[in-house]
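Peer 1: Before I ask anything, let me first share the structure, which is written out below as C-alpha cells.
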Amino acid sequence: MGLQAAERLRNLGHTVIGVDLESGEVVADLSTPQGRRAAADGVLAACEGVLDGAVLAAGLGPGHGTERNRLIAEVNFLGVVELLEAWRPALAGADRAKAVVISSNSTTTVPIVPRRTIRALLARDTDKAVRSLRLLGRNGSALMYAASKIALSRWLRSNAVTAAWAGAGIRLNALAPGAIMTPLLEAQLADPREGRAVRSFPVPVGGYGDAGHLADWICFMLSDSADFLCGSVVFVDGGSDAFFRPGDWPKAVPLRRLPQYLWRFTRGVRHG
Numbered sequence: 001m002g003l004q005a006a007e008r009l010r011n012l013g014h015t016v017i018g019v020d021l022e023s024g025e026v027v028a029d030l031s032t033p034q035g036r037r038a039a040a041d042g043v044l045a046a047c048e049g050v051l052d053g054a055v056l057a058a059g060l061g062p063g064h065g066t067e068r069n070r071l072i073a074e075v076n077f078l079g080v081v082e083l084l085e086a087w088r089p090a091l092a093g094a095d096r097a098k099a100v101v102i103s104s105n106s107t108t109t110v111p112i113v114p115r116r117t118i119r120a121l122l123a124r125d126t127d128k129a130v131r132s133l134r135l136l137g138r139n140g141s142a143l144m145y146a147a148s149k150i151a152l153s154r155w156l157r158s159n160a161v162t163a164a165w166a167g168a169g170i171r172l173n174a175l176a177p178g179a180i181m182t183p184l185l186e187a188q189l190a191d192p193r194e195g196r197a198v199r200s201f202p203v204p205v206g207g208y209g210d211a212g213h214l215a216d217w218i219c220f221m222l223s224d225s226a227d228f229l230c231g232s233v234v235f236v237d238g239g240s241d242a243f244f245r246p247g248d249w250p251k252a253v254p255l256r257r258l259p260q261y262l263w264r265f266t267r268g269v270r271h272g
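Here the sequence shown is numbered in full-length UniProt numbering, starting from 1 and rising by one per residue.
Here it is as C-alpha cells:
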C-alpha cells in the first residue's frame, strides 16, 4: 500500500522521501529507539524542515514468539507515534499539511484484546505490553497486532483534534484496511492454520482488497479535499467491520463528556 502510494505521488510530481528497513531515501530500523530517531532525523534533513504530508505505512503482522510481539509493539505503535511527533513541527511549517496512518479493521473485529496491553502501549511501555500477553501463547501475536492498532487509533483521535495538530493546520487521519492482497496477507494465506482463519473471515463484498485502491485513498487523504477531515478512521475492508458491528456505531457521545457544552446549549435554549 505504501509502495503504490509513493509511486502515485511521484507520478503526480511530488517529492517522496521513503523510509525503509533495507531500501529508500532513509534506511532505518523502526523496531529500535535509535532506528526511529535516525528515521525521523533523516527525513527532517531531506525535507529541510518542512513536510507537506506524511504516510505512516510501515507495520508488522502476527507471527510467532515473544520477540515477534515486541517487534509488533515497537514498529506498529512507536514506529508511527514517535515519527509523527518528531515531524510535527515540520508538518506545522507547511500549508495545510496532511498525515495518514495505516490502522486496521482488527481494531474492531478481533475479540478479547486485553485492555492492559492497550494501556501499556499508550504508556509506551512495550516490555509491559509484551508481558501482558505472555500466557496466551500462539494467540498472543494476533492480539498484540490488534492492540497495537487500537492504541494507535486512540492516540491519533486524541491528538488529531488538539491545538498542536488541528490548531497548527495539520490534518491527522487513518485508514483501517481489511484483507488487502499484500505480502503480509499472502504469507498468512500460505500458512495452513492462518490461511484457514483468513479464508473463513467474513468479507461481505467477497474476495480481497487491492493495494492500489488503498493507495488511491491515501492520496485523497493527502489532498486539499481532505481539509475538513480530522481524527477520522476510515474503514476500507469490504464490509467486515459493518458485518460484525452493525449497531455499535454511530452512538451518541456520553453525557459525561459534554458538561460544559451541554450547559452552553441549555442556556441558549432558555434564553434563546
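Note that the Cβ used here is the ideal one computed from N, Cα and C, for glycine as well.
For Arg115 and Thr107, I'd like the C-alpha separation in whole angstroms.
Peer 2: 12 Å
Peer 1: Output yes or no for whether 8 Å exceeds the beta carbon distance between residue 282 and Ala58.
Peer 2: Residue 282 is absent from the model: the chain starts at 1 and stops at 272.
Peer 1: Ala142 and residue 273 - do their beta-carbons sit closer together than 8 Å?
Peer 2: Not covered by the structure: residue 273. The range shown for the chain is 1 to 272.
Peer 1: Considering Val236, what are the terminal residues of the beta strand (DSSP E) in which it resides?
Peer 2: 233–236
Peer 1: Check each candidate in Leu51, Ala38, Asn76, Asn159 and name the one with the smallest Cα separation from Met144.
Peer 2: Asn76
Peer 1: Give the secondary structure of Gly63 by DSSP, where H, G and I count as helix, E and B as strand, and everything else as coil.
Peer 2: Correct three-state label for Gly63: coil.
Peer 1: Might you give, ordered along the chain, the residues of its own chain that have their beta carbon closer than 6 Å to the beta carbon of Leu56, omitting 5 neighbours on each side?
Peer 2: Within its own chain, the residues whose Cβ lies closer than 6 Å to the Cβ of Leu56, once the five positions on either side in sequence are excluded, are Val80, Val101, listed in chain order.
Peer 1: Does DSSP classify Gly272 as helix, strand or coil?
Peer 2: Bear in mind that the predicted position of Gly272 carries a pLDDT of just 42, short of 50, making it too unreliable to give a figure here.
Peer 1: With which residues is Asp127 paired in a DSSP beta bridge?
Peer 2: Answer is none; Asp127 lacks a bridge partner.
Peer 1: Runs of 4 residues minimum, wholly inside the stretch 1–64: which ones carry the alpha helix (DSSP H) assignment?
Peer 2: 2–11, 33–47
Peer 1: Considering only the alpha carbon of each residue, which of Gly65, Met221, Ala73 lies closest to Lys128?
Peer 2: Ala73
Peer 1: With Lys149 as the anchor, note down where its alpha helix (DSSP H) starts and where it stops.
Peer 2: 140–160
Peer 1: Between the stretch 216–236 and the stretch 171–191, are three or more C-beta pairs nearer than 8 Å?
Peer 2: Contact between the stretch 216–236 and the stretch 171–191 is present, because at least three Cβ pairs lie under 8 Å.
Peer 1: Does the distance from the C-beta atom of Val26 to that of Ala46 stay below 8 Å?
Peer 2: yes
Peer 1: If we count Cβ pairs, one from each stretch, closer than 8 Å, do we get three or more for the stretch 190–206 versus the stretch 238–251?
Peer 2: yes
Peer 1: Please classify Arg171: does DSSP put it in a helix, a strand, or coil?
Peer 2: strand
Peer 1: Excluding the five sequence neighbours on either side, which residues of its own chain have a C-beta within less than 6 Å of the C-beta of Arg68, listed in chain order?
Peer 2: Closer than 6 Å at the Cβ level, and outside the excluded window around Arg68, lie Ser141.
Peer 1: Taking Cβ positions, are Gly169 and Ala92 nearer each other than 8 Å?
Peer 2: yes
Peer 1: Got a sec? Which residues, its chain only, sit under 8 Å from Gly35 by beta carbon, not counting five neighbours each side?
Peer 2: Ala28, Asp29
Peer 1: Skipping 5 residues on each side, what residues in its chain have a beta carbon closer than 7 Å to that of Ala166?
Peer 2: Ala160, Cys230
Peer 1: State the Cα-Cα distance for the pair residue 275 and Gly195, rounded to the nearest angstrom.
Peer 2: The structure shown does not extend to residue 275, since the chain spans only 1 to 272, so no value can be given for it.
Peer 1: Roughly how many angstroms lie between the CA atoms of His271 and Arg257, to the nearest whole one?
Peer 2: Any reading at His271 must be qualified, since the residue scores a pLDDT of 42, below 50, and its modelled position is unreliable; no value is offered.
Peer 1: Using C-beta distances below 7 Å, list every residue in its chain close to Ile150, excluding the 5 sequence neighbours before and after it, in chain order.
Peer 2: Thr107, Val113, Ile118
Peer 1: On a CA-only basis, which of Pro246, Arg171, Ala120, Gly209 is nearest Asp224? Give me that one, please.
Peer 2: Arg171
Peer 1: Could you name the residues of the same chain whose beta carbon sits closer than 7 Å to that of Ile17, not counting the 5 residues immediately before and after it, in chain order?
Peer 2: Glu25, Val26, Val43, Ala46, Cys47
Peer 1: Report the rounded CA-to-CA distance for Ile218 versus Ala40, giving the unit in angstroms.
Peer 2: 21 Å
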